[in-house]
Amino acid sequence: MIRLVLAMNDDLLRRAKTYPYRIPERSYLLANGRERTAENFSLPELSCRRPVLACGSNQSPERLAVKFANIDGGPIPMIRAWLQDYDVVYSAHFTAYGSIPATLRYSPGTNVFLFVAWLTAGEQNRLHQTESVGLNYDFGRLDGIEMEMDGGAVLDRVFVYLSRHGCLAQNDAPIALSAIKAEGRKWPALTEEQILGLARDYLEPGVPLDGFILAALADEDLRRARGNALEKHERPFAHPAFTPIAV
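According to the working numbering, the residues represented by the sequence shown are 1294 to 1540, in order.
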């Protein structure tokens, strides 16, 4: 029994600490929960789907397979893209599985590699549910961007989820995800385990990190209270190019 509990704790800690999980190096299709290589896709072929920017674990085929389980709609094109003047940073809140997740941040001069998920209406509705729209994230459209996708097509607008909690800051600066590749990055970048350690230092210094994580996983009220306490370390997202959309 003790071994079982320890193994379960190890799994929980691994999930919390390894966000945003494995991110492929090139475009792919998610088909029946499996990752397939995407060859060539043109925008006309994607015209019945909506381009949604994937910033954190929504780039990971393993996590998407869970989120889109039992959803009809055919293979989901996940097209790698190069977004100018933005970066991916840590949000100032905790997920139900113990991680500190990602959000987008305006960063002139920074170019970041991300994925564009091309979704049907049904797939989009499922993602609204998994992203806790209205609670943790706002959904909307980001205009006036320059984002070149694999194959050379350029988008000037994209749909996106932005954290309602702003970004977690250290010394008044946002903190980027080291797992997300970028050029011209202006802010410090940390791993998930490092950002969890920083949050622990802010909230309960001296507590062992594993114990800090497991305590919140076992107590929703504690997790919520910790999230509220992070507010004094957050910086809001404000950009005129973002238009919220009610869902």
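Ideal Cβ placement from N, Cα and C applies to all residues, glycine included.
Computed from a predicted structure; not experimentally measured.
Exercise. Buried or exposed: residue 1303, going by 16 or more other Cβ atoms within 10 Å of its Cβ?
Worked result: Locating residue 1303 in the sequence shown gives position 10, counting from the first residue. Result: exposed.
Problem set entry | Assigned secondary structure, residue 1488 (DSSP; H/G/I helix, E/B strand, else coil) | Within the sequence shown, numbered from 1, the residue matching residue 1488 stands at position 195. Residue 1488 falls in the helix class under three-state DSSP.
For this session: Would you check if the distance between the CB atom of residue 1461 and the CB atom of residue 1527 is smaller than 9 Å?
Result: Sequence index remark: in the sequence shown, residue 1461 carries index 168 (1-based). Sequence index remark: in the sequence shown, residue 1527 carries index 234 (1-based). Taking 9 Å as the Cβ cut-off, residue 1461 and residue 1527 qualify as a contacting pair.
For this session: Grab me the residues of residue 1358's own chain with a C-beta within less than 6 Å of its C-beta, minus the 5 sequence neighbours each way, in chain order.
Result: Numbered from its first residue, the sequence shown carries residue 1358 at position 65. Only 1326 meet the Cβ criterion.
Exercise. Going by beta carbon distance, what residues of the same chain come within less than 8 Å of residue 1299, once the five residues before and after it are set aside?
Worked result: For this step, residue 1299 is matched to residue 6 along the sequence shown. Confidence in residue 1299 is poor, its pLDDT being 42 and thus under 50, which makes the residue's placement unreliable; the coordinate value appears in the next sentence. In the same chain as residue 1299, and ignoring 5 residues on each side of it, no C-beta atom comes closer than 8 Å to its own.
For this session: With DSSP collapsed to three states, give me the class of residue 1425.
Result: The sequence position of residue 1425 within the sequence shown is 132, counting from 1. Coil at residue 1425, not helix or strand.
Exercise. On the three-state DSSP scale, how would you describe residue 1367?
Worked result: What you label residue 1367 is simply residue 74 of the sequence shown in a count that begins at 1. Residue 1367 falls in the coil class under three-state DSSP.
Problem set entry | Per-residue burial, residue 1249 [other beta carbons within 10 Å of its own, 16 or more giving buried] | Residue 1249 lies beyond the residue range present for the chain, which begins at 1294 and ends at 1540; the question has no answer from this structure.
For this session: Jot down the residue ranges of each uninterrupted beta strand (DSSP E) in the region 1339-1403, minimum 3 residues, whole runs only, in chain order.
Result: 1343-1347, 1369-1383
Exercise. What first and last residue would you give for the beta strand (DSSP E) that runs through residue 1436?
Worked result: Residue mapping note: residue 1436 aligns to position 143 of the sequence shown, counting from 1. Its beta strand (DSSP E) spans residues 1430-1442.
For this session: Starting from the C-beta of residue 1296, find all residues in its chain whose C-beta is less than 8 Å away, skip the five residues before and the five after it, and write them out in chain order.
Result: One-based indexing of the sequence shown puts residue 1296 at position 3. Low local confidence applies: a pLDDT of 46 at residue 1296 is under 50, so the model's placement there is unreliable, with the coordinate-based value given in what follows. Correct list: empty, nothing qualifies.
Problem set entry | Inter-stretch contact (C-beta, 8 Å, three-pair minimum) for the region 1462-1482 and the region 1392-1401 | yes
Problem set entry | Inter-residue Cα distance where the pair is residue 1521 and residue 1474 | In the sequence shown, residue 1521 corresponds to position 228, counting from 1. In the sequence shown, residue 1474 corresponds to position 181, counting from 1. Roughly 30 Å separates the two Cα atoms.
For this session: Please classify residue 1512: does DSSP put it in a helix, a strand, or coil?
Result: The count along the sequence shown starts at 1 and reaches residue 1512 at position 219. Three-state result, residue 1512: coil.
For this session: Please determine if the region 1496-1516 and the region 1407-1414 are in contact, where contact requires at least 3 C-beta pairs separated by less than 8 Å.
Result: no
For this session: Kindly confirm or deny that the region 1378-1398 and the region 1508-1521 touch, where touching means at least three C-beta pairs closer than 8 Å.
Result: The region 1378-1398 makes contact with the region 1508-1521: 3 or more CB pairs, one atom from each, lie closer than 8 Å.
Problem set entry | Touch test, the region 1474-1483 against the region 1525-1539, Cβ-Cβ under 8 Å, three pairs minimum | Touching, no, given that fewer than three Cβ pairs across the two stretches are closer than 8 Å.
For this session: Can you have a look at residue 1341 and say buried or exposed, based on whether 16 or more other CB atoms are within 10 angstroms of its CB?
Result: On the sequence shown, position 48 is the one that residue 1341 refers to. When all chains shown are included, residue 1341 counts as exposed.
Problem set entry | Residue closest to residue 1463, alpha-carbon to alpha-carbon, out of 1490, 1405, 1512 | In the sequence shown, counting from the first residue as 1, residue 1463 sits at position 170. Out of 1490, 1405, 1512, 1490 has the C-alpha closest to the C-alpha of residue 1463.
Problem set entry | Other residues of its chain near residue 1347: CB distance less than 8 Å, five sequence neighbours each side excluded | Working through the sequence shown from its first residue, we reach residue 1347 at position 54. When the five nearest sequence neighbours on each side are left out, the beta carbons in the same chain lying within less than 8 Å of the beta carbon of residue 1347 are those of 1371, 1407, 1408, 1409, 1410, in order along the chain.
Exercise. Where do the N-terminal and C-terminal ends of the beta strand (DSSP E) with residue 1536 fall, by residue?
Worked result: Working through the sequence shown from its first residue, we reach residue 1536 at position 243. Start and end: 1535-1537.
Exercise. So does residue 1349 have its beta carbon nearer than 8 Å to some heavy atom of the ligand COA?
Worked result: Only the bare structure without any ligand can be found here, which leaves the ligand COA out of the picture.
For this session: Kindly indicate which residue of 1419, 1450, 1456, 1444 has the alpha-carbon position closest to the one of residue 1428.
Result: On the sequence shown, position 135 is the one that residue 1428 refers to. It is 1456 whose Cα lies nearest to the Cα of residue 1428.
Exercise. What did DSSP end up calling residue 1503 once you bin it into helix, strand or coil?
Worked result: The residue given as residue 1503 occupies position 210 in the sequence shown. DSSP places residue 1503 within a helical segment (H, G or I) once states are collapsed to three.
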